[in-house]
Each structure stands twice: as structure tokens, then as C-alpha cells.
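Peer 1: Under this note's numbering, the first residue of the sequence shown carries the number 1, and numbering increases by one thereafter. Cβ atoms here follow ideal geometry from the backbone N, Cα and C, with glycine treated the same way.
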Amino acid sequence: MKSVLLPLNMINQSDAELIMSVELIESQIRETEPHRHAFGQLIGSLEGLLSIQTESVWWVVPATHAVWVPSNTLHGVKSYGPFKGWSVYLDPAKSQLLANSVKSLQTTRLLKELVHRAASWKGDTPQAVKSRLSDVLFDEIASLEETSLGLVQPRLPLLKQMTDGLLANLADNRGLEEWAKVIGLSSRTLARRFNEQTGLGFSEWRQRARVLRAIEMLADNVPVTNIAFALGYENVSAFIAMFRRVMGVTPGQYIQGYKKESVS
């Protein structure tokens, strides 16, 4: 298990007035023990999917999105693949001005540029510069649109073992009955428990996971054909039909809208 991105004594100051930004790139998977701190935290990925665990739910989000974790909320973070991520920590007073529950938010290019700039501050950066940029960064965070794009992960260890395997290889096309044999449950029991834990059927959950990965790849300008094959589809048409069914638009229409929102 990894330690948190910043020392806990820095982000447990209840009377502090500051915003801190961190970027980190590692060559291995990053997983932190559940922890809490007085500062609120916006968690995002530069590349790859991130899983954020709270006491009640697991969120899985792509690099186009982030998760807001309010002050003193128990949470842990896991990357799928080498960790390339960022966080913004907001003091308790500023955190109270934002949502008081965990939210999935769509990021913007401006947000990521601001995070990168703030993460590169040196010890001799003038306080006036920090204050001005912090104000803009806070305003940008406050304006981010909430989405339902997060994916709830099951808490039951057997089911989480299965979904972890799926997230690591979304081209895996094994069906419910095959997975039931792998984890030692009947297909009926697996279907019932999976729905109880995630609110979704197995096939729908996997479709959403594939959409999350597809959105990330679209944002990186990966061709739709490559995405379809990487996610286990035999042809592009089947992938486009699935994407439209889940998102209401084709992959091309979605990424055009995303780019417009990112620039605005």
C-alpha cells in the first residue's frame, strides 16, 4: 500500500487557508489504505482509470473526469495500471462551499492546466501569485459539471475480484456463467448479488466500464476502430451501437462535444 500524496499533518489543519495541488507519475499501480483528512480533495487521472473507494461506494472514473471527496470522508484510491494522477486539496473553509457528498465531475482543459501550474510552484513563488491562481482554480472546480459517469464497484470481495479482473482486461468477453464458475457461485446467485452490490446487471456494468475506457481513449485521439478491438468487439459497428445505447450519441459526436466543452 502507498502513503497519501501529501503528509497527513499538512491536510489535517482545520484552521488552514490554502489550496494545494499535486501531480504524480509512477511506474507501478498505486493503492492507498482508506484514510480521511480535514481538507477536501479533488482526485483525477492524467491517464488510465482510477477507482475511489468510500464507505458506501466505489467510483471508477476515466481521465476525462474527477471525483470530489469532501472533508473528513473516509476514502482510498487505486489505479488500474501505472499511476499517473493529480489531486487538489482544499482547506476546510473552501471545502464547505462545495458539495458535501462524493461526486463524479467532468474535467476541463483549463482545470488540468491550472492544476499543473499550481503543482509546479516552487518555494520562492510569490504568495500573491499563489493566491490569484488559487482563486481561479477554486472557481473552476466550483463550476465543474456533475456526471453520472462513475461506476459503482461491488464491496463483496469475490465480486470485486471479478470486477478488478474485468477492469484490467476489458476485452474479456466471458459471460456471467463463466465468471460464476471462476469465483465459485451459481450464475443465479452471482446475478442477484451483483445487482444488489452495484445496482446494475453484469452485462450493463461491463458495458459502462467499456464506455469509460472508450471515453478516455477518444480523448487521447485513439481511432474508433482501435478502441473497438481493444475493448473486445469483433467489429466497429457493434461498438458504436453499444456506445450510442449507453451515452445517447455516437463516439464521434461525444468527443466533438467534449472538445467544445474543454475549450470553452
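#1: Going by C-alpha to C-alpha distance, which of Arg210, Gly48, Val236, Thr54 sits closest to Pro62?
#2: Output the residue ranges of the alpha helix (DSSP H) runs that lie fully inside the region 175-235 and measure 4 residues or longer, sorted by chain position.
#3: Which residues in the same chain have their Cβ closer than 7 Å to the Cβ of Thr250, if we skip the five residues on either side of it in sequence?
#4: Tell me the rounded alpha-carbon separation between Val246 and Gly232.
#5: Whose CA, out of Leu105, Ala180, Ser131, Glu26, lies closest to the CA of Lys84?
#6: Let me make sure I understand the geometry here. Which of Leu98, Ser51, Gln197 has the alpha-carbon closest to that of Lys78?
#7: For Ser148, which residues does DSSP report across the bridge?
#8: One question on the structure: do Thr73 and Arg36 come within less than 8 Å of each other, judged by their Cβ atoms?
#9: Mind checking who Thr54 pairs with in its DSSP beta bridge?
#10: Apart from the five residues just before and just after Gln41, which ones in its own chain have a Cβ nearer than 6 Å to its Cβ?
#11: So is Arg192 buried or exposed if we call it buried at 16+ other beta carbons inside 10 Å?
#12: Are the beta-carbon atoms belonging to Glu146 and Ser104 less than 8 Å from one another?
#13: Run through DSSP, which three-state label would Glu140 get?
Peer 2: Walking through what the data contain:
#1: When the alpha-carbon of Pro62 is set against those of Arg210, Gly48, Val236, Thr54, the nearest one is in Gly48.
#2: Given a length threshold of 4 residues, each whole run of the alpha helix (DSSP H) inside the region 175-235 is given here in chain order: 176-183, 187-198, 202-219, 224-230.
#3: Excluding sequence positions up to five before and after Thr250, its CB lies within less than 7 Å of the CB of Ile240, Phe243, Arg244, all in the same chain and listed in chain order.
#4: Val246 and Gly232: Cα-Cα distance of roughly 17 Å.
#5: That would be Glu26, whose Cα lies nearest to the Cα of Lys84.
#6: For the options Leu98, Ser51, Gln197, the alpha carbon positioned closest to that of Lys78 is the one of Ser51.
#7: According to DSSP, Ser148 bridges with nothing at all.
#8: The answer is yes: Cβ separation under 8 Å.
#9: Thr54 pairs with His75.
#10: The beta carbon of Gln41 lies closer than 6 Å to those of Val69, Ser87, Tyr89 in the same chain, with the five residues before and after it left out.
#11: In the assembly as shown, Arg192 is an exposed residue. Its beta-carbon has fewer than 16 other beta-carbons within 10 Å.
#12: Note that the C-beta distance between Glu146 and Ser104 is below 8 Å.
#13: For Glu140, the secondary structure class from DSSP, reduced to helix, strand or coil, is helix.
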